[in-house]
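Some notes on the structure that comes next.
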Amino acid sequence: MLETQFNTMLNLRTNASISFEDSPEYKDMAEKLDFLNAENEHLKLLLEERDLEIQSLREQAELMRERYIMDIDKLTSEVANSRIAPKPLEEEKMEEHVDENPRTSSPPRSRSPPPQPVQQSYPKQEARRSLDFNAAVRNALHNMSKEQANPLSKSFDAKQFKINSEKPKAVASNEEQEQEENQQEDKTRKANKTLDSITERMLRSLKGPIRAEDNSKQIDKMVNDIKEQFKEKGVILPLKRVKDCVYAFGEGKAERKVHLNIVNGVLKVKIGGGYDDFLKFLSQSVRLLQAKKK
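Mapping of the sequence shown onto full-length UniProt numbering: position 169 corresponds to residue 169, and the numbering continues sequentially without gaps.
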């Protein structure tokens, strides 16, 4: 009797077909967890894109502020040069003819009265006041640039501060030139990307939302082309048409309905309040399905 019970318990422990993973509750929870992980990865990608956009906007603001400082300096110097009265020509001539040894030389006698200074067209006090104001503006703008390295400032950028602090102080001229060129290329690329996204949003707001039903035939054609592309790679997509612009992806309990639309000539899937690239969504979903089968 005891030997029979012992053998039964041993079979239950060693039999691979009998496990908790075979229960339907466990399978359902595992599928839900996989899809939640996929959604989480998608949100992480969106967050990284937003971070890149924010970084590029910060760099654009920094460039605009530097240009503004240069313009202020230029205007300040021009205003200062225009408001300071030049020396009279007679005084300049007298300074040129002054002898190096004034004790031995006597000044030339002349019956003409001494030259009178030319009256300034702009009062000294007002000119001084304008110069002080321009200097104050320039100092304020330079102080704004210094706040970028102050951790207590609102405009402090920790990442940029860390990058700047880690840069070596002494670098060869060739390496500095290469770094400047690379940084300029990165700034240009990020700025172009930001401008493209802004342009896309502006066009979207001007044109207004396009109904997916108007693109149903084109959507069906693009979906069939995508299925053929995956089929050539040896992957059969579990994608079935439900109705216009709506497809079912997956099998059984893992089946999920997706709403498609064409945005700026690209097939996209509706996720939450926005649209994402349908090919990216399919690639992530297929990887999850293959990993689950393994």
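Ideal placement from N, C-alpha and C gives every residue a C-beta, glycine not left out.
This structure is a prediction, so every number in the text was calculated from the model and none was measured.
CB-CB under 6 Å to residue i, same chain, minus the five flanking residues each way: which ones, in chain order?
i, result
"K227", "L237"
"E255", "A248"
"R241", "Y247"
"Y275", "V263 and K268"
"E219", "It should be pointed out that residue 219 corresponds to Ile in this sequence rather than to Glu. Result list for I219: C245 and L260, in chain order."
"F230", "L237"
"K187", "E59"
"E176", "none"
"D225", "none"
Short of 7 Å in beta carbon distance, which residues of its chain neighbour residue i, apart from the five on each side in sequence? Order them along the chain.
i, result
"L45", "none"
"L57", "T194"
Counting along the chain, where does the beta strand (DSSP E) carrying residue i start and finish?
i, result
"D220", "No beta strand (DSSP E) contains D220, which is instead part of the alpha helix (DSSP H) from S216 to E232."
"G265", "No beta strand (DSSP E) holds G265; DSSP gives it neither H nor E."
Can you tell me the Cβ-Cβ gap for residue i and residue j, rounded? I've got them flagged as a contact below 8 Å.
i, j, result
"S38", "Q284", "A quick correction: the sequence has Ala, not Ser, at residue 38. Right, their Cβ atoms sit about 6 Å apart."
"K270", "D277", "Actually they do not touch by this definition, with Cβ atoms about 12 Å apart."
"E49", "K190", "The pair is not a contact, with the Cβ atoms about 12 Å apart (cut-off 8 Å)."
"D28", "K253", "6 Å"
"V235", "V286", "6 Å"
Within 10 angstroms of its Cβ, does residue i collect 16 or more other Cβ (buried), or is it exposed?
i, result
"N81", "exposed"
"V223", "buried"
"V258", "buried"
"I54", "exposed"
"L282", "buried"
"N182", "exposed"
"N215", "buried"
"G250", "buried"
On the three-state DSSP scale, how would you describe residue i?
i, result
"D73", "helix"
"G252", "helix"
"I236", "coil"
"D244", "coil"
"I271", "strand"
"D276", "strand"
"K27", "helix"
"V258", "strand"
Do we get a CB-CB distance below 8 Å when we pair residue i with the residues of chain B?
i, result
"S216", "Here chain B cannot be found, since the structure has a single protein chain."
Using a Cβ-Cβ cutoff of less than 8 Å, which residues in the same chain neighbour residue i once the five nearest sequence positions on both sides are dropped?
i, result
"L279", "I226 and L267"
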